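*Asks:* When we follow our numbering, the leftmost residue of the sequence shown carries the number 7, and every step to the right adds one.
Just so it is clear, CB atoms sit at the ideal spot from N, CA and C, and this is done for glycine as well.
All figures in this text were calculated on a predicted structure; none of them were measured in a lab.
Got a structure for you, questions after.
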Amino acid sequence: MLAWLHAIFPQKTATAQQKSGNRGEQVAAAYLREKKGHRVLARNWRSPVDRRDELDLVTCDGEVLVFVEVKTRAAGALVTGYYAVNRRKKRVLLRACGAYLSALGRGDRPKTFRFDIVEVSTGPAGATTINHFENIPLFPKEW
7 MLAWLHAIFP
17 QKTATAQQKS
27 GNRGEQVAAA
37 YLREKKGHRV
47 LARNWRSPVD
57 RRDELDLVTC
67 DGEVLVFVEV
77 KTRAAGALVT
87 GYYAVNRRKK
97 RVLLRACGAY
107 LSALGRGDRP
117 KTFRFDIVEV
127 STGPAGATTI
137 NHFENIPLFP
147 KEW
C-alpha cells in the first residue's frame, strides 16, 4: 500500500537550481559574517501570515538590520544577480521585510535597516566570485 502511494505521490527532491541557491546562500552568509562582520539573525525566514514571503538572509551590521537577497548565478550569465531583482521582486521583498519588522514588535524594532543584494557567481572548477551591493533602494521614505 505504501509503495503504491509513493508511486502516485512521489516525494519532492531538491532540484539542481534549489541546491545551487542553497549553496549560494551558505557562501553569502559566510562572506557577510567573516569578511563584513555581520551577525546572521535568520536564514530563509518566511512570513507566518503568507509563507510565500521569504527573506534569504537577515543580518545585523552593527546597529543596522540588513535584509539580504542572495542571487546565485553561473559565471557569464546573461542577467546579473543585481538586475534579477526587478520591480516585481522588490514588491515581494518589501512585503516580506514589513512582515519581519511587524513580527519583531515595537520594542525590538531597529531604528535603521537597509536592503542588500549579494551575487554569488560560480565558475569552472568551483571558482566563486562574490559581489555585494549595499543599501539598494527598496523602502519608501515614510518607513
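Ends of the alpha helix (DSSP H) at Arg58?
*Replies:* The count along the sequence shown starts at 1 and reaches residue 58 at position 52. Neither: Arg58 is in no alpha helix (DSSP H) and is coded neither H nor E.
*Asks:* For the stretch 29-45 against the stretch 76-88, are there 3 or more C-beta pairs whose distance is under 8 Å?
*Replies:* Yes, the stretch 29-45 touches the stretch 76-88.
*Asks:* Measure the alpha-carbon distance for Ala48 versus Lys147 and round it to whole angstroms.
*Replies:* For this step, residue 48 is matched to residue 42 along the sequence shown. For this step, residue 147 is matched to residue 141 along the sequence shown. Cα to Cα, Ala48 sits roughly 25 Å from Lys147.
*Asks:* Buried or exposed, going by whether 16 or more other CB atoms sit within 10 Å of the CB of Thr65?
*Replies:* The residue labelled residue 65 in the question sits at position 59 within the sequence shown. So Thr65 counts as buried.
*Asks:* In three-state DSSP terms, what is Ala81?
*Replies:* On the sequence shown, position 75 is the one that residue 81 refers to. DSSP places Ala81 in coil when its eight states are reduced to three.
*Asks:* Between Ile136 and Val126, which are expected to be in contact by the criterion C-beta below 8 Å, what is the C-beta distance as a whole number of angstroms?
*Replies:* Here residue 136 is taken as the residue at index 130 of the sequence shown, counted from 1. Here residue 126 is taken as the residue at index 120 of the sequence shown, counted from 1. Indeed, because the Cβ distance is near 6 Å, the residues count as touching under 8 Å.
*Asks:* Specify the secondary structure class of Arg120 as computed by DSSP and reduced to three states.
*Replies:* Position 114 of the sequence shown holds residue 120. The answer is strand: DSSP assigns Arg120 an E or B state.
*Asks:* Using the three-state DSSP reduction, which class does Leu110 fall into: helix, strand or coil?
*Replies:* By one-based count along the sequence shown, residue 110 stands at place 104. Three-state DSSP puts Leu110 in a helix.
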